[in-house]
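*Asks:* Heads up: the sequence shown is residues 15 to 637, going by the working numbering. Sharing a structure, written as structure tokens. Questions coming.
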Amino acid sequence: IVPMSSPLEAPTTSRNIKRVGSVKQQLSRLVKESLESLFPDEVQPIVAACQAKFGDYQCNNAMVIWSQLKGKATQFKNPNSIGQAIAKNLPESEMIESTSVAGPGFVNIELSNKWISKHIQNMLVNGIEQWAPILSVRRAVVDFSSPNIAKEMHVGHLRSTIIGDTLARMLEFSNVEVLRRNHVGDWGTQFGMLIEYLFEQFPNWEDAGDQAIGDLQAFYKASKKKFDDDPDFKARAQQAVVKLQSGEGKYRHAWQKICEISRKEFDLVYQRLNVQLEEKGESFYNPYIRGVLEEFERNNLIKESEGARVVEIDGYDIPLIVVKKDGGYNYASTDLTCLWYRLKEEKAEWIIYVTDVGQQQHFHMFFSAARLIGWLPASKDAYPKVSHVGLGLVLGSDGKRFRTRSSEVVRLVELLDEAKDRSRAELIKRLEDNGKITDWTDAELESTAEAVGYGAIKYADLKNNRLTNYTFSFDQMLNDKGNTAVYLLYAHARICSIINKSSKDIEELKKASTCMSWKINTGIGKIVLDHVDERALGLHLIQFAEIVEEACANLLPNVLCEYLYNLSEMFTGFYTSCQVHLMFSFLDMIQAHSQLLHISVQMNVKSVNAMVDTGVTHTFVSA
Ligand code: ARG
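See below:
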């Protein structure tokens with residue numbers, strides 16, 4: 015991520031909340047000041063969160079600086095003394111409780127509890143949006159899902175749909191305008207064969223509904239077989255392509271019909287997953303290909319090779335074919351043109367493609383071609399920028415590509431429905447065991463089963479590093495223990511139930527916590543981090559911003575998953591050691607004891623006792 019101005023500057027959001035940046039950025043600003051006071055040359059601060067026993071954050075500049083000073087006259091004896099100096103010269107700040115210097119100059123920084131509390135309070139009252147990372151791009155394209163018309167939409171496309179949607183959401187959260195693009199494979203020679211087959215098998219296809227064609231995948235297979243077996247058919251199919259591409263009405267109409275049927279099937283998946291996508295398929299870019307290739311010709315970038323027109327790319331043995339031997343265009347010519355359109359017409363600054371890693375070479379080659387012609391800067395990190403987000407395979411329990419038992423491609427709608435059905439069955443079983451089934455309406459059962467079932471599939475995919483292959487297992491993803499969506503939903507439900515039982519209105523609590531006079535007089539609304547588990551949870555909460563930043567910069571949703579899982583675990587730790595349930599039995603008594611209690615989402619036993627003793631409420635508000 016290239017920061018908008020300087021990484022350490024604080025722009026304001028549209029809502030005019032001053033964006034101070036993540037904890038890491040704020041600490042970096044302090045370290046930078048210290049470094050400036052010590053060294054004439056500019057040194058970029060190196061600050062990172064660290065394991066609890068070393069403090070909360072660490073500045074790791076000393077060793078690097080020491081190695082740069084080698085052979086030069088310096089006041090410093092060793093890296094440790096550089097660390098000491100950095101610590102000593104940190105400006106006065108309410109953020110920092112204490113510092114210490116370890117080993118070869120690591121500066122350990124402990125944050126002040128008071129500052130953490132203030133930070134959480136701020137998050138709670140002003141909303142989480144102000145902690146969105148500050149990115150330099152304003153408009154991005156995320157090209158994801160992108161199945162092929164009439165061919166199967168397989169688990170690889172599902173993975174692209176889930177990960178692509180999450181990347182889009184992360185960027186949108188970071189105030190980037192995202193063009194969500196479904197680059198469907200809706201153009202190419204296969205349509206000649208499909209159209210010709212349609213005409214033959216369904217002479218009155220124009221009047222017949224979609225059912226006439228039935229299953230498009232079977233239709234594709236049958237037409238392919240005929241294409242391979244019957245030379246006359248093959249010739250007619252090839253003519254059909256020409257007629258389609260020259261825009262002949264009947265052929266275009268048939269093509270539209272086939273696309274329409276595929277689209278309906280894709281939409282069933284998008285609806286279930288609540289994914290928004292705008293279809294701009296390969297056919298959309300077709301009219302622009304000629305002009306784009308002419309630009310390449312004018313720049314002498316196209317050569318002839320074995321009858322084809324190609325662009326030679328450094329580092330590859332084979333060239334990028336942009337016009338096939340038969341004069342037709344291909345995947346690469348379309349993608350090159352599509353990139354031109356996204357850069358020049360749509361003015362996107364970051365273009366992200368989400369597909370299986372198998373396509374990496376294709377992407378790298380046409381990215382290189384775009385660099386050759388000067389559409390993209392020479393440096394891969396500069397903007398406008400392109401990124402291929404490669405995905406590993408989805409495997410079955412046998413370690414092979416995920417398929418059905420009869421080794422067919424799994425129909426995605428059926429896969430999603432199975433997750434939902436399984437979670438509904440489990441839910442019903444549990445409700446029956448507790449004698450609570452009669453409290454639930456069908457609609458409630460349905461929506462809960464959807465949340466759990468679809469959520470489980472999404473999370474199982476997102477939590478893995480996207481580059482690794484992952485094994486699809488309903489049993490694992492629907493487990494209520496371990497790192498699963500079910501566990502996270504459970505942790506969330508538990509927090510909601512605590513809030514419900516407290517019978518407090520959260521909005522009221524927020525208001526109370528901003529009321530200065532109460533704070534001064536009584537401490538009400540103040541978040542007090544007394545217990546170690548309370549502090550650990552608090553610290554984790556304020557690290558949200560830097561985690562989103564990292565996830566966006568590296569396009570890795572699993573970073574966000576890990577954060578969320580740890581957050582749930584820490585909440586559980588906090589909940590267990592701070593005995594919230596015990597606290598609730600005191601709640602009524604406490605309310606009666608003190609009219610001052612306006613905020614009581616979370617309190618630990620120690621705080622409750624202190625409050626009873628002094629009449630002052632110490633509360634932890636779970637953000
Ligand atoms: N249709 C392709 C496939 O199914 C994916 C397209 C990805 N996007 C792109 N601009 N090439 O593999």
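Cβ atoms here follow ideal geometry from the backbone N, Cα and C, with glycine treated the same way. Computed from a predicted structure; not experimentally measured.
1. Considering just the uninterrupted stretch of the beta strand (DSSP E) at LYS399, what are its terminal residues?
2. LEU569 and VAL403 look like a contact to me (Cβ under 8 Å); what is the Cβ gap, rounded to whole Å?
3. Just the Cα atoms here: how many angstroms apart are MET379 and SER159?
4. State buried or exposed for LYS414, treating a residue as buried only when at least 16 other CB atoms are found within 10 Å of its CB.
5. For ASN313, which residues in the same chain have their Cβ closer than 7 Å to its Cβ, ignoring the five residues on either side in sequence?
6. Is the CB-CB distance between VAL169 and PHE416 below 7 Å?
7. Which of helix, strand or coil does DSSP assign to VAL190?
8. Classify ILE332: buried if its beta carbon has 16 or more other beta carbons within 10 angstroms, exposed otherwise.
9. Sorry if obvious, but does the Cβ on HIS197 come closer than 6 Å to a heavy atom of the ligand ARG?
10. With hydrogens ignored, establish whether the beta-carbon of ASP200 is closer than 6 Å to any heavy atom of the ligand ARG.
11. The alpha helix (DSSP H) that contains GLU583, what's its start and end?
12. Using the Cα positions of VAL34 and TYR484, report the straight-line distance between them to the nearest angstrom.
13. Going by DSSP, which residues form a beta bridge with VAL115?
14. I need the straight-line Cα distance from PHE588 to HIS545, nearest angstrom please.
15. By a C-beta neighbour count over all protein chains shown, 10 Å radius and 16 as the cutoff for buried, is ARG286 buried or exposed?
16. Say whether the stretch 38-56 touches the stretch 87-106, bearing in mind that this needs 3 or more beta-carbon pairs closer than 8 Å, one atom from each stretch.
17. Could you tell me the distance, in whole angstroms, from the CA atom of TYR234 to the CA atom of TYR265?
18. Exposed or buried, what is HIS506 when buried is set at 16 or more other beta-carbons lying within 10 Å of its beta-carbon?
19. Please work out which residues of its chain come closer than 7 Å, Cβ to Cβ, to ILE209, disregarding the five sequence neighbours upstream and downstream, and give them in chain order.
20. Would you tell me roughly how many angstroms separate the C-alpha atoms of ASP456 and LEU445, rounded to the nearest one?
21. If you compare alpha carbons, which of ASP70, ILE303, ILE176 and GLY85 is closest to LEU476?
22. Answer yes or no: the CB of ASN300 versus the heavy atoms of the ligand NAP, is any distance below 6 Å?
23. Leaving out five residues before and five after CYS575 in sequence, what residues of the same chain have Cβ atoms less than 6 Å from its Cβ?
24. Just checking ASN218 against the ligand ARG - is the residue's beta carbon closer than 6 Å to any of the ligand's heavy atoms?
25. Should TYR71 and ILE148 be called a contact, given that it needs their Cβ atoms to be closer than 7 Å?
26. Along the beta strand (DSSP E) that carries GLN72, what are the first and last residues, could you check?
27. Quick one: what's got a C-beta closer than 6 Å to ASN479's C-beta in the same chain, skipping five residues either side?
28. Pop quiz: VAL190 and ALA154 are said to be a contact at Cβ under 8 Å. What is the actual Cβ separation, rounded to whole angstroms?
29. Thinking LEU405 and ARG173 are a contact (beta carbons under 8 Å), I'd like their distance in whole angstroms, please.
30. Roughly how many angstroms lie between the CA atoms of ASN92 and GLY117, to the nearest whole one?
31. Less than 6 Å between the CB of ASN162 and some heavy atom of the ligand ARG, yes or no?
32. Candidates GLY261, LEU185, LYS239 and TYR284: which alpha carbon is nearest HIS171's?
33. Alpha carbon to alpha carbon, how far is ILE275 from ARG425? Give it in angstroms, no decimals.
34. May I have the straight-line CA-CA distance separating PHE558 from ASN140, to the nearest angstrom?
35. Check for me: the alpha helix (DSSP H) holding ARG312 runs from which residue to which?
36. Output the distance between the C-alpha atoms of GLN290 and LEU181, rounded to the nearest integer angstrom.
*Replies:* With the structure as the only source:
1. 399-405
2. 5 Å
3. 21 Å
4. exposed
5. ILE387
6. yes
7. coil
8. exposed
9. yes
10. no
11. 571-591
12. 38 Å
13. VAL121
14. 8 Å
15. buried
16. yes
17. 17 Å
18. exposed
19. ALA254, LEU258, TYR265, ALA268 and TRP269
20. 13 Å
21. ILE176
22. Absence of the ligand NAP from the depicted structure is noted, with the ligand ARG being the only ligands included.
23. LEU476 and LYS477
24. no
25. no
26. 71-73
27. ASN572
28. 5 Å
29. 5 Å
30. 10 Å
31. yes
32. TYR284
33. 15 Å
34. 15 Å
35. 296-312
36. 13 Å
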